[in-house]
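Chains as they are written, first to last, in this note's numbering: chain E, 1 to 171; chain V, 1001 to 1101; chain D, 2001 to 2675; chain Z, 3001 to 3525; chain F, 4001 to 4504.
Just so it is clear, CB atoms sit at the ideal spot from N, CA and C, and this is done for glycine as well.
The structure appears below as structure tokens.
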Amino acid sequence: MEGFLFWFLGTLMFLGGVMMVTQRSAVVGAVWLAFSFICAAGIFALLNAPFLAVMQILVYAGAIMVLFLFVIMMLQGPVLEGERKPLNKGLLPLIAIPPLAVVLMVVGWIKNNGTRHFAQAVEPGFGSAEWVSRLLLGKYLLAFELISIVLLVAIIGALAIGKGERKLPWK
Amino acid sequence: MEVTLTHYLVLAAAVFLTGMVGFIVRRNAIVMMMCVELMLSSVNIVFAAFSRHHGDAGGHVFVLMNFAVAAAEAAIGLAILVEIFRRRRTVNVDDLKALME
Amino acid sequence: MENHATEILLRWIVLVPLLGAALNGLLNRRLPRQAAGLLACAAVGVSFVMSVVVFLRLTNMPVEARFVSDTVATWMSLGSFRVDLAFAMDPLSGVMALVVTGVGFLIHIYSLGYMAHDAGFQRFFTYLNLFIFAMMTLVLGENLLMLFVGWEGVGLCSYLLIAFWFTDEANAAAGKKAFIVNRVGDFGFLLGIFLIGVHLLPHMDGSEGVFSFQTMQHHVNFLAPAATAICLLLFVGATGKSAQIPLYIWLPDAMAGPTPVSALIHAATMVTAGVYMVARMNFLFVLTPTAMAVVAAIGVATAFFASTIALTQNDIKKVLAYSTVSQLGYMMLACGVGAFAAGIFHVMTHAFFKALLFLGSGSVIHAMSNEQDMRVMGGLRKKLPVTFWTFLAGTFAIAGVFPLAGFFSKDEILWKTFSSAGGGVLPWVIGFLAAGMTAFYMMRLVVLTFFGQNRATPEVQSHIHESPWTMTMPLVILAVLSVVGGWIGWPHFMGGANWFEAWLEPVFASAHGAAAHGAHDVVQAAGHGAAAVHETAHAAGHDTTMEWILAGASLLWGLLGLALGYFVYMKKTDVAESVRNLGGGWLHRILLNKYYVDEAYDGAFIRPGFAFSKNVLWKGIDAGLIDGLLVNGSALTVAIFGSVIRIFQNGMIRFYAWSFTIGVTVYVLYLSFSG
Amino acid sequence: MSLITDHILTWVTFVPLLGSLALLTVVRKDSLARVFALAVALIDFVLSLHLWVHYDDKAGGFQFVEKVAWLWDGKINYHLGMDGISLVLVMLTTFLGPIIILSTWNAVQDRVREFLAFLLFLQTAMLGTFFARDMLLFYVFWEAMLIPMYFIIGIWGGQRRIYAAVKFFIFTMVGSVFMLVGILYLFFQAGSMDLADFMQVPLEHNAQLWLFAAFFLAFAIKVPVFPLHTWLPDAHVEAPTAGSVVLAGVLLKMGTYGMLRFAMPLFPDGVTFFAPTISILAVIGIIYGALVAMVQPDVKKLVAYSSVSHLGFVVLGLFSLTSLGIAGGIFTMLAHGLSTGALFLLVGVIYERRHTREISDFGGLAHQMPVFATFFMIATLASIGLPGMAGFIGEFMILFGTFSSTTLVSAKLMAILAATGVVLGAIYMLWMYQRVFLGKLNNEKNKGLPDLSVREVVVLLPIMVFIFWLGVRPGLILDRVETSIAQVLEPLNATLLHQENAPAHHTLIDMETGRPITSMRQESK
Amino acid sequence: MNDILIPQLGSQVGPLLPYLIVAGGGLLIMLVDAFVRTLKKDHLSYLAMFVLIGAVVVQIIGDQSDTQLLNGMMITSDFTRFFNFLFCGIGVMTIIFATGVYDREGDYRPEFYPLILFTILGMMVLAAANDLMTLFLGLETMSLATYILVGGVRGNIRSSEAGFKYLILGGFSSAFLLMGMALLYGFAGGTGFNAIATALDAGEIDVLLVGLGSALMLVGFGFKVAMVPFHMWTPDVYDGAPAYVTGFMATAIKAAGFAILVRFAILMQPQLAFAWFPVLSVFAVLTMFTGNLVALAQNNIKRMLAWSSIAHAGYLLLGVLAMISPATGGSDMMMRAKEIGISSGAAILFYLVGYSLMNLAAFGLVNILSHNKGEEGEDINRYAGLSRTRPMAAASMAVAMLSLAGIPPFVGFMGKFYLFEAVVRAGLIPLAILGVINSLISVYYYLRVIVVMYMKPAEEDSYHGTEWVSVVTSSVLILLVIYMGVQPQAFYQAAARVFLGITF
């Protein structure tokens, strides 16, 4: 069962990514990405991370992708029509080098070392919302505080950039 | 058949590479940012997988952090992009030629 | 105490002229002419007197101990290497000192008149005094390096004096030529000095000067192995200074200088420095037959060669110049055959009559308002009586007419050449021929100048007048000297005592002493040297007949030459014409152009040298290879690399990302393969 | 007083720096600045006289030593010291200082204060280089020298000044950076930057060769040794008179000084290995420099190339590895500093009047400016090594030393070839003199040129005096350096003796006694 | 399963105070800017400077202990304190320079002050990180804030482009960094450095996870310190950003990058030898050469300084190499490892300080000398004759250039000296030689600036600036440059003390 789900979701997630990349229209691409994220949420679920799965859908597939779509809509035409001229085919081999190399390496590595099993079974409550939130306010308090700063910075930035010219108040 | 840690890692690698290639081939700035998001989410999977592997919580928290950071980055990036679009009427990164040797 | 005083005199002999020069030089224009002139003459006069005093002291000393030295200070000293700032007088340098200061004094007097109207009067006397200073350093120097100092000093002075009228490009060039040619000689001289030093230094302990003549003489056996090389190198220097083949070329041009200079420097004193040096180093020369042979050969060749050129020259001073060269050849010949005494003897007599001749010609030029071409002279006999008679005396002296000075010295040289082991018949014959030519061209000179009709422009003729007493007085004195000067060397076979040779005996005898206990491989050389001395010493004893015959022959030969000259140029001038056109006149042309030697040097060394330096070294290597290729080239390469890398900085985000991934890939692959 | 005498070296070194700082800050008026700078230079000279008087040349070794911990708690020190070799060069520097400043009285009208400040700063750097006993300190001074010189050439120079300045800077850097690596390596080996400790480091053969090469390159560029000389003519021609004088007078000596002080004693194997090559280069430099000088159309450039030739002599002398050659080398450093310095001053004089240095623009000047011509003649003769002047002593000892060297391969040939340089020297100098001063004064512009002013005479006279004085009494210098030379080269001798072709007496070890020459000097007393 | 630890916090406030001050200051300024209506020109800058100085003061008087805070998420030690000083100092300077052009059209950015404080906070956290998560968040705080600083100049397309370039490439690279972290996490089973250390000591090293992980992290760090081939954003971004921001990035962000590099290098000793050393040495050499060679060809002074900063990163990487160089064998191996570690670490820190001083001075002057409008604004030739119009500025600039070129007696030389000394000590002589060759190449383009300022005649549009505060500030920095060049001992010892406690 788990196996089936993994292959199913994994394939879809991967395909979603591929589609996003290959789509000429940004809007469609965004939708595909959202789709891929949702599959990712499923993967999280498979990995005993229910909380993450939920957050993935809420934050990622939800908030972030909406933000993207919103911007795309705002910018309208040029974005929708995507790249004007298709990619230069001559460059493909150059671009293909890195991924192929990595793929080869991964394959080779798996050949040598075989697959690795998960070390231990998970204890109950692993990955539950309560479990994670305890950690957030406990062991990882600092991270939690810092992330607030990060978001604050993001807000400042969005405001500062979004707002138009500012007059010098003392002039 | 049983799904092992390696499966997840390979999946993540595949997605990561997809994002990477997409980042290089696409000229639409927004799509490029989406590619980055894709790469990040593949990383998230790795974290989650290892977290599961070790039964350690760090990975999960880390993933959450990544969500937030990704969101922040997207916000700022899109803001700047809009600013650029205002003047250039384009989001094609190949048209950003103001800065070069 | 008294002798200490006389020793101290030595340094003053040298320094007084320097002071004179300094005063004249610093005050220069501020000094009134008379004052300047008198100052200069006084300086030389004083040092002449002092020389006489010291000389007399020498005469009072026992024969073997005739040596006075005055060490002023240590000059250079480093470990075992030491050179002193010292002067010394022995019979040889004594003679030279007297000649230099004496003749020098006379010529100073003469110059008072000759240069009277010249703008650079003070400067001239500055240089003259400076020259006397340098020359005395050369003569009285106690060691080879002091001698070298004087050697270079006189070279400098001759440079300055030749180029005295520097506004004329030619004079300047001549001066430079003289200095440089001499430098070429000095190059050899220096190497000779080094070679001596290399062999002596190991045996020094810093207590005595390495190059002191006494040291060298004392350790001559250490030098013996390298004697030949040393002597030849030193002789290179001598050829430069004493205008021997192949470095004689500067002397004729040197006549560009004022006539008193030609008389003093380029006839009487400086040019004989080479001879003096060879004589000075006799103890070394006698050890090496090879070197002696070379010296003799060069000497006789020069004597002959120069006199042939002198036959055809039209410039009065040029004729005298070449005659000087050939006379110097005689002196070298004498040294070469081991007759150092004879050589020095000829140096002295030659100083008298050649100075006389030059001064005479100066007086002529003075009268002819600076005309030097004999072809426009003539008939001056009446107008310049004193000059004429003194000049005639000089001519007979140089032609070797008995009993004038020239006869004794030249005859002795020829006899020694004939008799001594180092010489032989061939050199004698050549020298003999040269003597004849000398007589001939001197007579030609006299005739063209003083006899017949004057061929100058009337305007010039109107100015012709006898010179003032300051100029004639030295002429007279020198004339007397060139008549009687030779008598101190009255040879044995004529019943004389040859006092002069006897006087120099200790200097040259010591050489043979050194040779005697020298290394055994030079024994026969020593023997030969000894033989020479032996012969000279006791020539009076056995078969003087040969000597009589040769003496007579050379006398007749001289007279013949004179007669021929008079006949050809006085009576049958067409003969001269026909001779000139002999064989299409090519011979005459060659002689007139001095065998094209200057042109040869010019084409062989100077032009190619400059072209090479300019085009190959400077433009080619310096600017082209080093700067252009290496320096700017490397800079360019760096710049090119830079701009190549710039190309990648094309502002394309996607390209940046791609190179980023490439970097990662390379890294990852490296890791996976390194294990 | 003891405050000064106890730290005399520091004072001598840094008084000029203080002066330059004052010039940049306090002293505002140009006229005042000139006087002030001159005063500072004179004070420095007076201070250095204290060294001259109190240096004990019999004892040799480093005297007036000052040592203060600087970096790495004592591994690197502010360590000054002075031996005979430093002494003479320091005296040369401080002696030229006031003369140079006086010579720029009218020549420099633009940014006078900066100019003088740079000159004084330069003097500090040079003096520090001569005093430094700690390698890092030395390197700091060595590099610091570049800055003021760079500005002097670049700001106050001629047409192509920028090219010349940059070329000078980069050329010199090329050498010194490799030396830096060498220093670091030695520091790592020795655990201290002190020269004395460097001496103790046992280095195996190859290391010595590499290190010697690194050090020698730095010094050879500064000297400059053929074929690294091409920066010199440009720098000289473009630099203002004062710059050229410092350059020729002192800066070039840094290279030879460095060889003698560092490269040779530290790496005996390197010396013995490279000596033949270097001496060949030196000889090439002598002849090449002379020949190229011969065909220069520009007086200053001619003098510049003559420097190449002269310093070839110095290098040859040093690497003859004989006490005579080395002493001669040091002596020539001085003689060249004086004569060439004088020549540059004189060229500057005429350049001030005519704003050209082309030989072809002159001719017959001797008629117009007799005094000038006389001075020029003396300088010319000094530089062609006329006996009785300083030049001769040095050249003679160098050539003689080389000729008598038994350690140098084919030493005699080297000496003979080098001796031709003496002849060539006469040719190019006299030819130049003839074309500039003799002949007719036919160029209209040269008519009515004023002769030397009193100031210019005052500038030149001391140099002339010393040219003659040293020529007649070289002992003045030789006695000072003799012991130091022996001491500097002790390590070198050790190696030389161990080689099968052991050196003869007249290198520094005496054959009979087996003792260094210094001891023999005593016994000769 | 540990509990919420608000109660324990009290004990840790002391060491945390500097961080809290900076963070709080950022918030405060934000609010002031938002709500105080009667702002005068410099008020915000005074406030920001006050905050930073306050942080430093608290740092000095606060406790100097080496402690782990918040469950080992971060540490405080001499190392962190050193970098806090550095960051705050650079921050103050940057604020001064920024204020200098504050009232220029388009440069009025009140958000600048909170942002720079947050950037500095991020750096401080980064340097203090003892946990991958802290590291990442510190890095991101720093980066995000910088993106805005760079790209937030309104009405300036070059700024926006630069910002976007930086942001998108930054995101790209941080993806790699994260992947590396993930792998390392996978190896260690924990995000804490302690966990990683124990895992490493525990023995069997998983080549893939450790090697690939640390490699990808190096890539991430390399991006921040502009290591070739991950450097390509640098010139464009430095060029597009306002000069004061560029100066800040060239100094502070580089310093932060190297802080974490050093930290990480120490953490991973000696396993990094195989994972980092060979490739890093290639990258380092490439970095030096690329930076210097391209800088030769620049006419725009900001680009020139950008490329030169890349070159300097190369020199610093040599120091890192010395630190991780496989210690040569022998009985005293550990001894030498420590000795090398200390000397190279100290050298890196010293160099960072010196480099920051001279670079800040240079950028401070560039900031006021060139109005930030388009390329021609920073054309070097516009400095012609500066030595006459503004001697003070020209002199400071000249010294900065000479110092950057590594000429004594300036700090640039001393920094290179210490750095190359460490490299030689580690036995990497070839690298040292390549290093000096590079500093040789660099001389040319640094001199070029001096040539223009001092040896070219002035032109009418040469320079028009009256802002004197920046000039004075730069001059003060220059005095420091000279002082540290002559008396580096104290600073070096301070830097060395940082590493005494650390085991390599």
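Whole-Å CB distance - residue i paired with residue j, under 8 angstroms assumed
i	j	result
residue 2485 of chain D	residue 2500 of chain D	Actually they do not touch by this definition, with Cβ atoms about 10 angstroms apart.
residue 2107 of chain D	residue 2468 of chain D	Wrong, their Cβ atoms sit about 15 angstroms apart, outside the cutoff.
residue 3340 of chain Z	residue 3398 of chain Z	Between residue 3398 of chain Z and residue 3340 of chain Z the Cβ distance is about 16 angstroms, and since that is not below 8 angstroms, they are no contact.
residue 3357 of chain Z	residue 3300 of chain Z	5 angstroms
residue 1964 of chain D	residue 2336 of chain D	It is not possible to answer for residue 1964 of chain D, since the shown part of chain D is limited to 2001 through 2675.
residue 2238 of chain D	residue 2195 of chain D	Contact doesn't hold; Cβ gap of about 15 angstroms is too wide.
Residue of the options minimising C-alpha distance to residue i
i	options	result
residue 3468 of chain Z	Z/3379, Z/3368, Z/3187, Z/3354	Z/3379
residue 4231 of chain F	F/4440, F/4250, F/4355, F/4368	F/4250
residue 2005 of chain D	D/2019, D/2022, D/2053	D/2053
residue 4098 of chain F	F/4055, F/4263, F/4069, F/4474	F/4474
residue 2390 of chain D	D/2421, D/2373, D/2450, D/2371	D/2450
Below-8 angstroms beta-carbon distance, residue i vs any chain D residue
i	result
residue 1086 of chain V	no
residue 1012 of chain V	no
residue 153 of chain E	no
residue 3427 of chain Z	yes
residue 3159 of chain Z	no
Short CB-CB distance (under 8 angstroms) between residue i and chain E
i	result
residue 2672 of chain D	yes
residue 1046 of chain V	no
residue 1034 of chain V	yes
8 angstroms Cβ cutoff, residue i in contact with chain F
i	result
residue 3188 of chain Z	yes
residue 1017 of chain V	no
Proximity below 8 angstroms, CB of residue i to CB of residue j
i	j	result
residue 2250 of chain D	residue 2177 of chain D	yes
residue 2020 of chain D	residue 2055 of chain D	no
- prompt: If you measure beta-carbon to beta-carbon, which residues of the stretch 2646 to 2670 of chain D are closer than 8 angstroms to chain V?
  reply: Correct list: 2646, 2647, 2649, 2650, 2651, 2652, 2653, 2654, 2657, 2658, 2661.
- prompt: For the stretch 1076 to 1100 of chain V, which residues have a CB atom closer than 9 angstroms to at least one CB atom of chain D, in sequence order?
  reply: Those would be 1093, 1094, 1096, 1097, 1098, 1099, 1100, in chain order.
query: For the stretch 4226 to 4239 of chain F, which residues have a CB atom closer than 7 angstroms to at least one CB atom of chain D, in sequence order?
result: Answer set for the stretch 4226 to 4239 of chain F: 4229, 4230, 4232, 4233, 4235, 4236.
task: With 9 angstroms as the limit, tell me which residues of the stretch 2070 to 2081 of chain D have their beta carbon closer than that to any beta carbon of chain Z; keep them in chain order.
output: So the list reads 2073, 2074, 2075, 2076, 2077, 2078, 2079, 2080, 2081, given in the order they occur along the chain.
task: Report the residues of the stretch 103 to 123 of chain E with a CB closer than 8 angstroms to any CB of chain D, ordered along the chain.
output: Here the close residues are 105, 108, 109.
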